[in-house]
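Here is the structure we will look at, set down as structure tokens.
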Amino acid sequence: MDTPKEKKRLRIVTTLIETFGFSPAVATAVALFLGIVCLLAVVWVVRSAPSRTIVLTTGPEGSSFQRWAAAYQKSLATHGVTLEIRPSAGSQENLQRLQSAAEGIDVGFVPSGLAKGGDVGGVVSLGSIAYQPLWVFYRNAAPFGRLADLAGKRIAVGAPGSGTRNLALALLQANGISGAPTTFSDSDADAAAADLLAGKLDAVFLMGDSASLQTLRTLIRTPEVQLFHFAQADAYVRRFDYLNKMVLPRGSIDLGKDLPGQDVFLVGPTVELVARKGLNSALSDLLLEVAKEVHGKASLLTRRGEFPAAIEHEIPVSDDALRYYKSGKGIFYRTIHSFWLASLLNRILVAVVPLVLVIVPAIRFLPLAFRLSVQLRLYRCYRPLLRIERETFVPLSAERRQELLRRLDDIEETVNRLKVPASFADRFYWLRSHLASVRQRLLAAATRPA
-13 MDTPKEKKRL
-3 RIVTTLIETF
7 GFSPAVATAV
17 ALFLGIVCLL
27 AVVWVVRSAP
37 SRTIVLTTGP
47 EGSSFQRWAA
57 AYQKSLATHG
67 VTLEIRPSAG
77 SQENLQRLQS
87 AAEGIDVGFV
97 PSGLAKGGDV
107 GGVVSLGSIA
117 YQPLWVFYRN
127 AAPFGRLADL
137 AGKRIAVGAP
147 GSGTRNLALA
157 LLQANGISGA
167 PTTFSDSDAD
177 AAAADLLAGK
187 LDAVFLMGDS
197 ASLQTLRTLI
207 RTPEVQLFHF
217 AQADAYVRRF
227 DYLNKMVLPR
237 GSIDLGKDLP
247 GQDVFLVGPT
257 VELVARKGLN
267 SALSDLLLEV
277 AKEVHGKASL
287 LTRRGEFPAA
297 IEHEIPVSDD
307 ALRYYKSGKG
317 IFYRTIHSFW
327 LASLLNRILV
337 AVVPLVLVIV
347 PAIRFLPLAF
357 RLSVQLRLYR
367 CYRPLLRIER
377 ETFVPLSAER
387 RQELLRRLDD
397 IEETVNRLKV
407 PASFADRFYW
417 LRSHLASVRQ
427 RLLAAATRPA
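Heads up: the sequence shown at position 208 corresponds to 194 in the working numbering, and the numbers run straight through without jumps.
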């Protein structure tokens, strides 16, 4: 009949005692350890759940960054994820926001080359998602053949905080243009385009991070305004390793009006989807799936399936993104339509697999270790028993017999205190029978005359 103390024991403690012969204290410690491990696994599964809201820093209203963000927002909503869009002055501000934890930004659009030579700590790239051509429009009777021809002109290089300004100044400086007599304007894209159309500026540098699609269309279709052809595109690409050469085909803007009237070479960086370090891996995969949906189609400057791509520049591509580009989505995300259910199952798998890898070998090893432990405890009693038995083969004095009987009583008391599982009952009773046999030999020897 179970004692009240045994009734109060947890079932797992009782099982450990009965199965492995652990003492109550050891069984309780093992059960407590297993409980803590399981609790930590549950806490990890809960705390590693992806957020239901992603904050994205984009660009000015009407920019290509804003258009992409709207497409991301729509696609993410189908997966139950809310995308909060934060407009900005442009790429430079996007990078600054991402590097400041106080801003609360998760991801943003940043052109390659923007962080060149600067600090890129705290952020990772999820890969390049699109080309970002630099559009240079100018007013002049004769076409300009080189950027150096803009020396002494009135040029809008982009608003502060935009990637346009950063790249425009770098290219102009490479052509020896860094100040007077050239005049630089920091007007935003719309104001700069208006000033160019009004004749107040001679040239403007524009990129999609700050210029609207409508502004670009207006300038391309204006007869008095020409689109700069980068005849030295190959040289720029070699000198600035983050730039790419692009070809705007003749008639690609308007076949009927033959706009542009010839193939136009453009240069520009790729746009990277940059995230703060520590972005949830499930959200990283989801964002790349959305990027593939938004940017994977063919366009004027890209082939179908060209983006997103694991093109690394100053900002390192994250391990999660590299895994995605190499292997694609995880098995649960491929087979289960619900993002949240797939995420839960994936987290459970990640938590359970290490436990299984540790616990299963431990479970296989414990019985072996326990069997060896029990055998050692039993064999430990045989050593003094053998020494006593050897002395029964020679004549013994009465005092020696009594000493050996006391030692035999000590061994028997030790054996009686042993706790062994039922599976070792045969060996236990063999030991007791051997004790009885040695006792009989001692008693029999005691009746022989000295």
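All residues carry an ideal CB built from backbone N, CA and C; glycine is no exception. No experiment lies behind these values; they were computed from the predicted model shown.
*S114 vs P294 beta-carbon contact at 8 Å*: Cβ atoms of S114 and P294: closer than 8 Å.
*Okay, do the segment 266 to 273 and the segment 285 to 292 touch, 3+ Cβ pairs below 8 Å being the bar?*
Too few Cβ pairs lie closer than 8 Å, so no.
*Beta carbon of E279 nearer than 8 Å to that of S61*: Taking 8 Å as the Cβ cut-off, E279 and S61 qualify as a contacting pair.
*Nearest to C367 by CA position, among L343, S304, E399, is which residue?*
Selected option, being the one with the closest Cα: E399.
*Reference D220, options N230, G48, V211, F19, closest by Cα*: For D220, the nearest C-alpha among the options comes from N230.
*Going straight from the alpha carbon of Q361 to that of D412, what length do you get?*
If you take the alpha carbons of Q361 and D412, they lie about 12 Å apart.
*asked:* Judging by CA-CA distance, which residue of A166, G138, L133, P167 is the nearest neighbour of A154?
replied: For the residues A166, G138, L133, P167, the minimum Cα distance to A154 belongs to L133.
*Flag this pair as touching only if the segment 299 to 313 and the segment 99 to 113 have three or more C-beta atom pairs under 8 Å; answer yes or no.*
The segment 299 to 313 and the segment 99 to 113 touch, with no fewer than 3 CB-CB distances between them shorter than 8 Å.
_Quick check on the DSSP output: the alpha helix (DSSP H) that includes R386 runs from which residue to which?_
Counted as a single uninterrupted DSSP element, the alpha helix (DSSP H) harbouring R386 occupies residues 384 to 403.
*DSSP beta-bridge partners for L69?*
I40.
*Residues in its own chain within less than 7 Å of A177 by CB, not counting five upstream and five downstream?*
If we look at A177 and ignore the five residues flanking it on each side, it has no Cβ neighbours.
*Candidates K243, L286, N266: which alpha carbon is nearest L252's?*
Restricting attention to K243, L286, N266, the CA atom closest to the CA of L252 is found in L286.
*Determine the contact status of T168 and A137, defining contact as a CB-CB distance below 8 Å.*
Cβ distance < 8 Å, so T168 and A137 count as in contact.
*Which of the three DSSP states, helix, strand or coil, is assigned to S171?*
In this structure, S171 counts as strand in the three-state DSSP scheme.
*Under the three-state reduction of DSSP, which class applies to S77: helix, strand or coil?*
DSSP, read as helix, strand or coil, puts S77 in helix.
*Since L259 contacts F95 with CB under 8 Å, what's their CB separation in whole angstroms?*
Between the beta-carbon of L259 and that of F95 there is about 7 Å, and that keeps the pair under the 8 Å contact cut.
*asked:* On the criterion of 16 or more Cβ atoms from any shown chain inside 10 Å, does D395 qualify as buried, or is it exposed?
replied: Per the 10 Å Cβ criterion, exposed.
*Would you identify the three-state DSSP class for E47, choosing helix, strand or coil?*
Of the three classes helix, strand and coil, the one that applies to E47 here is coil, per DSSP.
*How far does the beta strand (DSSP E) with R262 in it reach, from first residue to last?*
Looking at the DSSP string, the run of the beta strand (DSSP E) that includes R262 is 256 to 262.
*Please name the residue in S164, K263, V338, L391 whose C-alpha comes closest to that of L26.*
The residue from S164, K263, V338, L391 with its alpha-carbon nearest to that of L26 is V338.
*If you drop the 5 nearest sequence neighbours on each side, which residues of the same chain put their C-beta closer than 6 Å to that of P209?*
Cβ neighbours of P209 beyond the five flanking positions: none.
*So who's on the other strand from G94, going by DSSP bridges?*
Beta-bridge pairing links G94 to T43, V260.
*Let me know if E385 comes out buried or exposed under the rule of 16 or more other beta-carbons within 10 Å of its beta-carbon.*
A residue is called buried when at least 16 other Cβ atoms come within 10 angstroms of its Cβ; E385 does not meet this threshold and is exposed.
*Contact check, P36 vs A277, beta carbons under 8 Å*: No; because the gap between Cβ atoms is not below 8 Å, this pair is not in contact.
*Unbroken beta strand (DSSP E) run spanning I141, endpoints*: 140 to 142 is the span of the beta strand (DSSP E), which, as asked, contains I141.
*For R376 versus V401, is the C-beta distance shorter than 8 Å?*
No, they are not a contact pair.
*Within this structure, are the beta carbons of D92 and R262 separated by less than 8 Å?*
With a cutoff of 8 Å on beta-carbon distance, D92 and R262 are scored as near each other.
*Any 3 or more C-beta pairs closer than 8 Å across the segment 183 to 199 and the segment 138 to 145*: In short, these stretches touch, since the Cβ pair count reaches three.
*Thinking C-alpha only, which one of A408, R53, D172 is nearest Q200?*
Checked all of A408, R53, D172; the closest Cα to Q200 is R53.
*asked:* Among A296, R225, D244, whose alpha-carbon lies nearest the alpha-carbon of V257?
replied: If we check each option's Cα against that of V257, A296 comes out closest.
*Is Y228 near K102, with beta carbons less than 8 Å apart?*
A Cβ-Cβ contact shorter than 8 Å links Y228 with K102.
_For the beta strand (DSSP E) containing N230, name the first residue and the last one._
230 to 234 is the extent of the beta strand (DSSP E) around N230.
*Residue burial classification, V233 (beta-carbon count within 10 angstroms, cutoff 16)*: So V233 counts as exposed.
*Excluding the five sequence neighbours on either side, which residues of its own chain have a C-beta within less than 8 Å of the C-beta of P(-10), listed in chain order?*
Because the pLDDT at P(-10) is just 48, under 50, the model does not fix this residue reliably, and the value given afterwards should be weighed accordingly. Contacts found: none.
*Among residues of its own chain, excluding the 5 on either side of V41, which ones have a beta-carbon nearer than 7 Å to its beta-carbon?*
The residues are E70, R72, G90, I91, D92.
*Give me whichever residues DSSP pairs with S198 in a beta bridge.*
Looking at the DSSP assignment, S198 forms a beta bridge with S49.
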